[in-house]
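Single-structure report; data block below.
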Amino acid sequence: MTSYAPIFNRLLRLAAFTFLVSSAVAQAPPKYDPATEGKFKGVVEELKFVPPTGGKPIAYLMMKSGTNAVEVFLCPKKFLDDMGVVFKADDEIEITGSKVKQDGGELTLAREVVKGGDTLTLRFKDGKPAW
Numbered sequence: 036m037t038s039y040a041p042i043f044n045r046l047l048r049l050a051a052f053t054f055l056v057s058s059a060v061a062q063a064p065p066k067y068d069p070a071t072e073g074k075f076k077g078v079v080e081e082l083k084f085v086p087p088t089g090g091k092p093i094a095y096l097m098m099k100s101g102t103n104a105v106e107v108f109l110c111p112k113k114f115l116d117d118m119g120v121v122f123k124a125d126d127e128i129e130i131t132g133s134k135v136k137q138d139g140g141e142l143t144l145a146r147e148v149v150k151g152g153d154t155l156t157l158r159f160k161d162g163k164p165a166w
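Residue numbers (the working numbering): 36 to 166.
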């Protein structure tokens with residue numbers, strides 16, 4: 036007998052992620068709060084751009100940290116392109132960022148992303164965007 040629970044859980048996480056991302060696009064993301072800053076290690080599940088085409092897409096990561104799925108707001112896609120940074124599924128990363136509440140969910144606003152020996156700085160220590 037096949038268990039559909041893993042597929043259902045992944046679809047549920049994807050739906051929640053899509054809701055959070057679409058809400059963030061409809062309004063500016065919450066303000067970075069250095070008081071809620073922490074470090075999170077995990078593995079990239081997916082990199083998304085919203086909107087996917089046209090306009091000025093914003094980059095988001097879905098990251099798996101232990102058994103938790105973490106939604107991470109990165110920056111405008113153009114900033115990633117300008118920096119020459121690419122994220123792929125299964126990349127091991129460490130995020131330094133602020134956990135904030137948005138529309139009843141939790142979103143992490145990334146300040147730094149470490150991948151391999153490289154550090155991508157997205158925000159200054161006070162939380163102001165570097166882009």
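C-beta atoms are modelled at their ideal positions from N, C-alpha and C, and glycine is treated no differently.
Note that the coordinates shown come from a computational prediction; the quantities given were computed from them, not determined experimentally.
8 Å contact criterion, which residue i and residue j should meet: CB distance rounded
i	j	result
V78	M98	7 Å
L155	V148	5 Å
L144	G152	Going by Cβ atoms, the distance from L144 to G152 rounds to 24 Å, so no, they are not a contact pair.
F75	V105	6 Å
Beta-bridge partners of residue i, as assigned by DSSP
i	result
G77	I128
D153	K150
P69	Paired residues: none, contrary to the question.
Proximal residues to residue i (C-beta, below 6 Å), its chain only, five neighbours per side dropped
i	result
L115	A94
L46	Any reading at L46 must be qualified, since the residue scores a pLDDT of 49, below 50, and its modelled position is unreliable; no value is offered.
Beta-carbon proximity of residue i to residue j, cut-off 8 Å
i	j	result
P69	V135	no
P92	K112	yes
K150	I128	yes
G162	Y67	yes
E72	A124	no
Beta-carbon proximity list for residue i, same chain, < 8 Å, skipping 5 on both sides
i	result
A61	Confidence at A61 is low in this model, with a pLDDT of 49, below 50, so its placement is unreliable and the value that follows should be read with caution. There are no such residues.
P164	C110, L157, R158
D126	V78, V79, K150
Residues of its chain near residue i, where Cβ-Cβ distance is below 7 Å and the 5 sequence neighbours each way are ignored
i	result
T88	none
inquiry  = Suppose only complete runs of 3+ residues qualify. What are the beta strand (DSSP E) ranges in the region 81 to 144, listed by chain order?
reply    = When DSSP assignments are scanned along the region 81 to 144, the uninterrupted stretches of beta strand (DSSP E) that are 3 or more residues long and fall wholly within it turn out to be 93 to 100, 103 to 111, 127 to 137.
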